[in-house]
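A.B. asks: Below you'll find the structure I mean.
Residue numbers (my numbering), protein chains in the order written: chain A, 818 to 1253; chain B, 818 to 1253; chain C, 818 to 1253; chain D, 818 to 1253.
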């Protein structure tokens, strides 16, 4: 087996005073935090697409990354090299998981049959690599957005013929995930939305998607796939408006179409911020509903209006995110997948290591900070104390449905004007940053 | 009765070639459009708060409007003059409806009892005016955001004592709406959201709101109020993040808490755009769910990040909005309320007339354009034709739940690669603008 | 010569009641408006890149446009077909101008010499076409952003070797423009900005650009190119932050580096809005400075945070734009170049016609509306009257530098509190929309 | 003298392990950093307006702060108490400077003469306090935006009578700053912009402002005020569009109107971000021009579209800001003024302490991190090395104006295709965050 990162040794934890750019300063996989190893808290995954298939092209410029695994004579040869690079990279980085789209792993063939066969061939190889390396599959998905046939949508396409193609791809991707022991299956509806309502029947399209999801749920049961289905919200891009705008919209959709029990949500930081929320907001929406299924870890750029998918290095929002994750019991079968790419100017393969190390260290630091905040208890205690009135008396009985507007009015008249207490936002923020 | 607009006569329709700034160019109340008068299509309403109680203050400057109805010696005298101005203005403008918050109409008293009494006094007067003028109440609401007691929220307040105050206000506001024959009751949760999750229990707060809404529904039944309850989404402002972010979020909330049958949505143009949607998007979300209850008509400024509440003069989005309204059967018991204010530099009372005339003409023009588009049929026909595959064969049966991933895959393998048709967005947009 | 649009005849003006989607409703080339033909007011140009070289790819999907002129056996054969399509399209559309980048017209060669030769070959052909068809070159430019060598910038590159390549490309592009009688030369600094200040010397990079521009000015003089140099501002994209953020920034740069007399500005609507301005704002900044050199006509999408480059159909801002253009004497040697592309779903070549027709009609309608507003005079008169105080007395003398803070204070003390007049924004907006 | 913060003792430095919310964890005033005390690096100032005159009102709600210094019987009594609170607060906080608007310190009188007299009275008292406490005046300014007379602008007002009022206010404010030994004088043009170009002559208004500034410069010379004039950019709010959009726009304006040598720029973090820049971008624009005059320290909220003026606790951008400040030699006569306010729900006076402590600690931490980055040298060295080609050979001579497009082309042809090096953004970001 050829080595694609010959100059890189396994990345080790060296502690925060290390000046070695190829060492972890905070991520110490086996360190125990609140009864669990860091590795088990985080369940980091590497994304096949950004890390191995990105060329560095952008809407104004051609690809710039000269990757040694992209030099094979045929698409399948390239695919095999890419897979070797994937497992070598992950092993050297020391991450337990990876994630992929069907078309990242296996090239589109000349015919549908060839595409299916390509995927099967590569999945068989991946299974061997997984066994050899111990690297596991966090989740996979079908790419239903890159091919020209999806120009007007995937499951929401006006043409059922296209939806038949989606069915074929998802079926085979589900087979692949099952074969590889993947723990989740993700849907991201990159083309499920619209460019203009002048040519779009929103009602029909949402019903099509729902019917499609029901077929997927049925198929998973049939083949005995017991992993978790996840939907990944995004407000816009590539389409003008996507149906899965944000976490709240997705949860409402699942309720509307009787899919609520079968899906959880994959929250991507940069998608949440593009939707006008903070990262921790969308996490909280899911966590309070018991629906936090996975995190696509990255960070956006608030001065730019598109999905920049940068590796996360901004410690403040990550700490807030990990507070939500820890307080609501983690991410279940999900983990932290780096849906992040090196900047176009970061031309070398070594930059892939720097980027992942920075992202992992930032999350590790956020985990430690969040746990120390929880251990200290000041923020939690302050927050919970504000609501004590709802655990007793007329507050409690109102929540139990035993009060009326009249009985509450009587209470107001009896008690007179309320007196507000300070919300102490600045003090709480100071506690938060002191923990970092 | 003193006259507050002595120089203004009733605003008349003079047609589009008129150069009289105090005449309608498009709004012709009794003109029939698709079997209904313009007046009945639009059901325009004037907003008490912006039109009569705005001072023109902004976060950086004091009030600038010198209104003759604000010169009374006492708050109640001012309230009476304001009411007189309201009905004179509406009558001269020729609009059938108005809308108000409890505290627009009646001043907060020294005690809760006095506040209740003030409202009752003014409601009685309004009832007389309504009878005299024929002006009707489209909807009313309780102001649960201006008073300092709501600094940490209204129904979502950590302190149930504050929620008791909300109950008192909403009870009395519901009594007022019933007394005045109002056709709807609106909730806008200006303080129902959070500034920081560090001191906020999102789960509790949403449950509080739901329990509160159930009390409201029960009370309405008890007093025999048969009007429609409406929720008005807004993403941010005044709070950092409001729970009723957009239409989809509101519909999801209603489903979650068993309130779906009791509420519809009041879509405000500028709130939709602040949430990252177009106006017509949020209308469509509601219309396809049968939940479009009312429109708060205004327009925002895409270069500014807050609710500018401008009078709508941008004909393109208004035409798109009226297309949704017409295609989905109108707004039921709702109408078009101008939740819009004159710019701070528009100092004179006559500017209130210019502003409303412009807004009404723009919507009237949009109505005419939308109806002509429907009558011509090109856009509708093109749009519907795209989906014909779903009304037959495997498309139809998939929607009926009779297909599987395998059977759909078989269809794909049989049919081969699909061929996409042009979506014709530019041609459709040209048709749209030609109708204006 | 093969025909690429065999089903399309010359697009004719049929008036606003026409329902022919392949006819102009407002654009009537020879119609006189204020003493000049519409054609001479607008000086429309077709953009080679979007119209002929766009594939419909986006960051999430492959190309979808199957263009008959892209089927040649070699890059040069494709380039020749593309050129034929360009002149056929423009002739049928009835537009007087086109614009191109060097690499749109002529493919990058294996060597620098071959690239130069390719361009010379195609320029010679274009010259023949221009003569045959009467179509003229509005402007051209060098593409200094697509090739991987520009990954870290063009003239702002940290490596002077790359800047030498820029010099070569611009030299040859200037030769081409001169050869083709082009009336302007445009610089758009798509890679002239930065991704992170951590690796960027902003001061150096801006100085490099200035030195580069001085070389260009010198070369133009040397070869006798008398066309106008233009800079096209854009705030972000593809780089995180571009140096030519907006019109004001560009004018400041030109003053700082002694380039003010040699350049004007090419204002693109969608770039202005991405910078937080309205289109008419950036036009006004340039027009009041005598620096409005050209318009890149398109429209953006305020719900999306990137350059959507849509064909303009939004009549309100276009009318405002044409008001600025007319009031400040037009665009000199510039014109209206459609830097706009059909949506990805508009798959057919006929969509290119629909799109241009809509854009041209919208600008024509805006021209007519703007001229009628000027002819009527209400808006201009109102606006100018507000400032009469500055044409006399202490207002005038203050502008002449003859007053002091003390003398002005004395005036204030003498006159007492000023009384503000209404700014009448709503009335003026109503007049504006009535003209449309 | 009454004490307004009786429970608060002087805030002390206790180090980063302290859990005392009323102690500094990073700010250690006398600690030496690169040869200067922290205090001298930062030159922190407290803002009179936010800290003492804010009521907590917002556009949707009334004031909520019950401040003991706002209870006096007359405006002047309140003003005196406020001043006492100001100096007590600053002394206890341990900050060397304060900043004010004329109308923060002294109430508007019934007449212009009374307003002038009020200010003189309070200035005399402030002078005594300054002497007693050692607290100094960093800068002051005139409030030319709150009073209704400024509804259509201050120096840009269409009515010269209003500009006379501006002259009076600025004259007296300059007198005050001189009397109090203030080190700078700031102009923020909150009303210098426009709502609509339909009623605005942009050219005239900018010329008015320039003429006004020249009068100010002349007056300062006349009275011997040697402090620095500063302009504070802001893009929007309260006006739709402000002339001083950002730093680059301000520098261009100064060049255009021959004011460049008399002004520097006061960069406010939240204003920079509202203009579509990062904080460090606008600092860099000023620093590279030698025009960084002061920082208005705060942070905005990227999910909200207005100036939230929050106390800065986000360490990442602050570190980047301090890198610029340190590398370009500090802020001269300026400092770090907290143009920041506690959140509306932070009701108690003690929250003012928490907020300032958090902001000061964040900047202190940023200073230490930035200095350690500079001391280590990796980032600076990497950045500078990228540009070595410009210090020699044809790079150098191009910057000296000695190359031509032809000579550069010859160089390109000689050297062939350049080879790009990685920009190492992720590695550099990792180094940055490791320093925090």
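Positions of the beta carbon are idealized from the N, C-alpha and C atoms, including for glycine.
Quick one: what's got a C-beta closer than 7 Å to residue 1131/A's C-beta in the same chain, skipping five residues either side?
C.D. replies: Once the five neighbours on either side are set aside, the close Cβ partners of residue 1131/A are 1116.
A.B. asks: Examine chain D for any beta-carbon lying closer than 9 Å to the beta-carbon of residue 971/B, and answer yes or no.
C.D. replies: Answer no: the Cβ-Cβ gap between residue 971/B and chain D never drops below 9 Å.
A.B. asks: Can you name the start and end residues of the alpha helix (DSSP H) that residue 1270/D belongs to?
C.D. replies: Residue numbering for chain D in the displayed model covers 818 to 1253; residue 1270/D lies beyond these limits and cannot be assessed.
A.B. asks: For residue 1241/B, return the contacting residues in chain A, with the cut-off set at a CB-CB distance below 9 Å.
C.D. replies: Residues of chain A passing the Cβ test: 1015 and 1016.
A.B. asks: Cα separation between residue 1039/A and residue 1031/A?
C.D. replies: Going from the Cα of residue 1039/A to the Cα of residue 1031/A covers about 12 Å.
A.B. asks: Determine the extent of the alpha helix (DSSP H) in which residue 1153/B is found, giving its start and end residues.
C.D. replies: From DSSP, residue 1153/B is part of no alpha helix (DSSP H) but of the beta strand (DSSP E) over 1153–1155.
A.B. asks: Using a Cβ cut-off of 8 Å, pull out every chain C residue sitting near residue 1133/B, in sequence order please.
C.D. replies: Within chain C, the residues near residue 1133/B are 1130, 1131, 1132 and 1133.
A.B. asks: Check whether the Cβ atoms of residue 1195/A and residue 1139/A lie closer than 9 Å to each other.
C.D. replies: No; because the gap between Cβ atoms is not below 9 Å, this pair is not in contact.
A.B. asks: Return the CA-CA distance between residue 1062/D and residue 1005/D, expressed in angstroms with no decimal places.
C.D. replies: If I take the Cα positions, the gap works out to 11 Å.
A.B. asks: Note down the Cα distance separating residue 950/D from residue 904/D, rounded to an integer number of angstroms.
C.D. replies: For residue 950/D and residue 904/D, the distance between alpha carbons rounds to 7 Å.
A.B. asks: Given a cut-off of 9 Å on the beta-carbon distance, is the pair residue 1097/C and residue 1059/C in contact?
C.D. replies: Going by C-beta atoms, residue 1097/C is not nearer than 9 Å to residue 1059/C.
A.B. asks: If you follow the alpha helix (DSSP H) that residue 1045/A is in, where does it begin and where does it stop?
C.D. replies: Note, residue 1045/A: premise wrong, no alpha helix (DSSP H); beta strand (DSSP E) at 1045–1048.
A.B. asks: Taking only beta carbons into account, state which residues of the stretch 1153–1168 of chain B come closer than 9 Å to chain C, listed in chain order.
C.D. replies: Those residues of the stretch 1153–1168 of chain B that come within reach of chain C (Cβ to Cβ, closer than 9 Å) are 1159, 1160, 1161, 1162, 1163, 1164, 1165, 1167 and 1168.
A.B. asks: Can you find a CB in chain A that lies within less than 9 Å of the CB of residue 1215/B?
C.D. replies: Cβ-Cβ to chain A under 9 Å: yes for residue 1215/B.
A.B. asks: Of the choices 862/A, 1068/A and 1090/A, whose alpha-carbon is the least far from that of residue 1104/A?
C.D. replies: Checking every option, the nearest Cα to that of residue 1104/A belongs to 1068/A.
A.B. asks: Over what stretch of residues does the alpha helix (DSSP H) that includes residue 912/B continue unbroken?
C.D. replies: No alpha helix (DSSP H) contains residue 912/B, which DSSP labels as neither H nor E.
A.B. asks: Cβ closer than 8 Å: which chain D residues qualify as neighbours of residue 964/B?
C.D. replies: Going along chain D in sequence order, the residues near residue 964/B (Cβ under 8 Å) are 878 and 879.
A.B. asks: Nearest chain F C-beta to residue 1087/B closer than 9 Å, yes or no?
C.D. replies: Note that chain F does not occur in the displayed structure, where the protein chains are A, B, C and D.
A.B. asks: In the DSSP assignment, the beta strand (DSSP E) including residue 1004/B goes from what residue to what residue?
C.D. replies: Segment 1001–1004, the beta strand (DSSP E) holding residue 1004/B.
A.B. asks: Touching or not, the stretch 1203–1211 of chain C and the stretch 955–967 of chain D, by the rule of three or more beta carbon pairs under 8 Å?
C.D. replies: Segments in contact, no.
A.B. asks: Take residue 1110/D and list the residues in its own chain whose beta-carbon comes closer than 6 Å to its own, dropping the five residues that flank it on each side.
C.D. replies: 1045, 1047, 1081, 1082, 1083 and 1151.
A.B. asks: Relative to the C-alpha of residue 842/B, which candidate in 873/B, 852/B, 990/B and 828/B has its C-alpha closest?
C.D. replies: With distances taken between Cα atoms, residue 842/B lies closest to 828/B.
A.B. asks: Given a limit of 8 Å on CB to CB distance, which residues of the stretch 1100–1121 of chain A reach chain C?
C.D. replies: For the stretch 1100–1121 of chain A, which is checked against every Cβ of chain C, the residues closer than 8 Å are 1118, 1120 and 1121.
A.B. asks: Under the three-state reduction of DSSP, which class applies to residue 834/C: helix, strand or coil?
C.D. replies: In the structure shown, residue 834/C sits in coil (DSSP, three-state: anything other than H, G, I, E or B).
A.B. asks: Going by DSSP in three states, residue 1125/C sits in which element: helix, strand or coil?
C.D. replies: It is coil, neither helix nor strand.
A.B. asks: Excluding the five sequence neighbours on either side, which residues of its own chain have a C-beta within less than 7 Å of the C-beta of residue 885/D, listed in chain order?
C.D. replies: Answer for residue 885/D: 821, listed in chain order.
A.B. asks: Between the beta-carbon of residue 1122/C and the beta-carbon of residue 967/A, is there less than 9 Å?
C.D. replies: Contact flag unset, no.
A.B. asks: Quick check on residue 1159/C: does DSSP put it in helix, strand or coil?
C.D. replies: Residue state, collapsed to three classes: coil.
A.B. asks: What residue from 1057/A, 987/A, 1016/A and 999/A has the CA that sits closest to residue 1034/A's CA?
C.D. replies: Comparing Cα-Cα distances from residue 1034/A to each of 1057/A, 987/A, 1016/A and 999/A, the minimum goes to 987/A.
A.B. asks: Please report the residue range of the alpha helix (DSSP H) in which residue 1230/C lies.
C.D. replies: Residues 1222–1232.
A.B. asks: Run through the DSSP bridge pairs and tell me what residue 841/A is partnered with.
C.D. replies: Answer by DSSP bridge pairing, in chain order: 830/A.
A.B. asks: Report the neighbours of residue 1226/C on chain B: residues whose CB is nearer than 8 Å to its CB, in chain order.
C.D. replies: Simply none; closest approach about 22 Å.
A.B. asks: Taking the C-alpha atoms as reference points, what is the distance between residue 1112/C and residue 985/C?
C.D. replies: The alpha-carbon atoms of residue 1112/C and residue 985/C are separated by roughly 27 Å.
A.B. asks: Taking Cβ-Cβ distances shorter than 7 Å, what residues in chain B pair up with residue 1053/D?
C.D. replies: Result: 1120 and 1121.
A.B. asks: Quick one: which chain B residues come within Cβ less than 8 Å of residue 1247/C?
C.D. replies: The answer, in chain order, is 838, 1130, 1171, 1174, 1175 and 1178.
A.B. asks: If you measure beta-carbon to beta-carbon, which residues of the stretch 1185–1196 of chain B are closer than 7 Å to chain A?
C.D. replies: Those would be 1196, in chain order.
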